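For reference, the structure discussed in these notes is given below.
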């Protein structure tokens, strides 16, 4: 049996999370994650800026500016989306296409003239990591996207995670990053690439606490509707089930005011992703 993921990242009552993705394959064993993971920075809040702090401040998503704004706010983490060009350059981009072409089919040089709404070029993961390492506080949540077959499917997603892992090591950024992954096949490759040096979150909402424990996955990153329907309907018992199995819990993307209030008050939720990090920070710090 392949060894379970072992993470020694420190968690406070208001801080962190760990390991997961959205699955469809039948693989049950977890790849060897390696040993001796570094200590991860623990902040004074649980707020994750979704694609950076862009929406509240009229900045482009997945931009250097939105990352820097999340840093300025002192968010626990800033989430970003990973994409990889034909020549294996990892860039920060949400969609499968740039200028009508699949990212996997174009070289990095081909997008140099493409700019975001603030005239930034499409940022590279290398540039993001430089910012994160210099900041020494914020954690970068790297979303390894679930791709359609035309966009490269699980294989290209997995190669993207592997290229990202190599970049993280080259920048010595291991203690400032996490993976979040939506498919089990990609998660397993991502865990292997991480070698236990940073946590990986699984986003399959259908995975039960027992399945997480059996697979050795220790972090569930779920759509918040898994636990919260409205201000009068929440599933606290399910949260307790995950916590009883030592599964760290994070939720996305919490923009609704009532949902924000509820999750901010629930200390069993280790991190909360939102498009309104400034607003949420006021709530979690009360």
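Numbering (mature numbering (1 follows the signal peptide of the UniProt record, and there is no 0)), first residue to last: -24 to -1, 1 to 262. No residue lacks a Cβ here, since even glycine has one placed at the ideal position from N, Cα and C. For clarity, every value in this text was computed on a predicted model and none was experimentally measured.
With distances taken Cα to Cα, identify the nearest neighbour of residue i among the options.
{"i": "residue 59", "options": "211, 70, 170 and 219", "result": "70"}
{"i": "residue 221", "options": "55, 244 and 21", "result": "244"}
{"i": "residue 197", "options": "121, 156 and 25", "result": "156"}
{"i": "residue 103", "options": "44, 63 and 212", "result": "44"}
{"i": "residue 50", "options": "211, 167 and 22", "result": "22"}
{"i": "residue 125", "options": "81, 98 and 164", "result": "81"}
{"i": "residue 144", "options": "262, 163 and 118", "result": "118"}
{"i": "residue 140", "options": "101, 255 and 165", "result": "101"}
{"i": "residue 191", "options": "26, 203 and 163", "result": "163"}
{"i": "residue 57", "options": "35, 26 and 48", "result": "26"}
{"i": "residue 189", "options": "213, 211 and 219", "result": "219"}
{"i": "residue 203", "options": "99, 239 and 90", "result": "239"}
{"i": "residue 226", "options": "181, 20 and 33", "result": "181"}
{"i": "residue 33", "options": "212, 89, 211 and 255", "result": "255"}
{"i": "residue 98", "options": "61, 241 and 246", "result": "61"}
Give a yes or no on whether the C-beta atoms belonging to residue i and residue j are separated by under 7 Å.
{"i": "residue 253", "j": "residue 217", "result": "no"}
{"i": "residue 230", "j": "residue 215", "result": "no"}
{"i": "residue 41", "j": "residue 29", "result": "no"}
{"i": "residue 224", "j": "residue 195", "result": "yes"}
{"i": "residue 147", "j": "residue 116", "result": "no"}
{"i": "residue 38", "j": "residue 63", "result": "no"}
{"i": "residue 122", "j": "residue 158", "result": "yes"}
{"i": "residue 251", "j": "residue 31", "result": "yes"}
{"i": "residue 142", "j": "residue 166", "result": "no"}
Taking residue i and residue j to be in contact with their CB atoms under 8 Å, please state how far apart those CB atoms are, rounded to whole angstroms.
{"i": "residue 114", "j": "residue 53", "result": "6 Å"}
{"i": "residue 72", "j": "residue 79", "result": "7 Å"}
{"i": "residue 87", "j": "residue 68", "result": "Wrong, their Cβ atoms sit about 12 Å apart, outside the cutoff."}
{"i": "residue 200", "j": "residue 228", "result": "6 Å"}
{"i": "residue 24", "j": "residue 55", "result": "6 Å"}
In the DSSP assignment, find the beta strand (DSSP E) that holds residue i and state where it starts and stops.
{"i": "residue 55", "result": "53 to 60"}
{"i": "residue 227", "result": "224 to 228"}
{"i": "residue 205", "result": "204 to 206"}
{"i": "residue 188", "result": "Counting along the chain, residue 188 falls outside any beta strand (DSSP E), though it belongs to the alpha helix (DSSP H) covering 185 to 191."}
{"i": "residue 197", "result": "195 to 199"}
{"i": "residue 79", "result": "It is not in any beta strand (DSSP E) - residue 79 carries neither H nor E in the DSSP assignment."}
{"i": "residue 69", "result": "Looking at the DSSP string, residue 69 is not in any beta strand (DSSP E), and its letter there is neither H nor E."}
{"i": "residue 116", "result": "115 to 120"}
{"i": "residue 181", "result": "Run containing residue 181: none; DSSP gives neither H nor E here."}
{"i": "residue 249", "result": "247 to 250"}
{"i": "residue 98", "result": "Residue 98 -> no beta strand (DSSP E), and no H or E assigned at all."}
{"i": "residue 155", "result": "153 to 157"}
{"i": "residue 126", "result": "Counting along the chain, residue 126 falls outside any beta strand (DSSP E), and DSSP gives it neither H nor E."}
{"i": "residue 25", "result": "23 to 25"}
I'd like the span of the alpha helix (DSSP H) that includes residue i, first residue to last.
{"i": "residue 237", "result": "233 to 241"}
{"i": "residue 178", "result": "No alpha helix (DSSP H) contains residue 178, which is instead part of the beta strand (DSSP E) from 176 to 178."}
{"i": "residue 162", "result": "160 to 170"}
{"i": "residue 146", "result": "129 to 146"}
{"i": "residue 260", "result": "253 to 260"}
{"i": "residue 111", "result": "101 to 111"}
{"i": "residue 217", "result": "212 to 220"}
{"i": "residue 87", "result": "No alpha helix (DSSP H) holds residue 87; DSSP gives it neither H nor E."}
{"i": "residue 43", "result": "40 to 49"}
How about residue i: is its C-beta nearer than 7 Å to some C-beta of chain D?
{"i": "residue 26", "result": "Chain labels in this structure do not include chain D; a single protein chain is all it has."}
Q. Quick one: any contact between the region 172 to 180 and the region 147 to 155, if contact means 3 or more CB pairs under 8 Å?
A. The region 172 to 180 vs the region 147 to 155: in contact.
| Any contact of the region 226 to 244 with the region 206 to 214, i.e. 3+ C-beta pairs under 8 Å? | Segments in contact, yes.
Quick one: any contact between the region 123 to 133 and the region 92 to 100, if contact means 3 or more CB pairs under 8 Å?
No, they do not touch.
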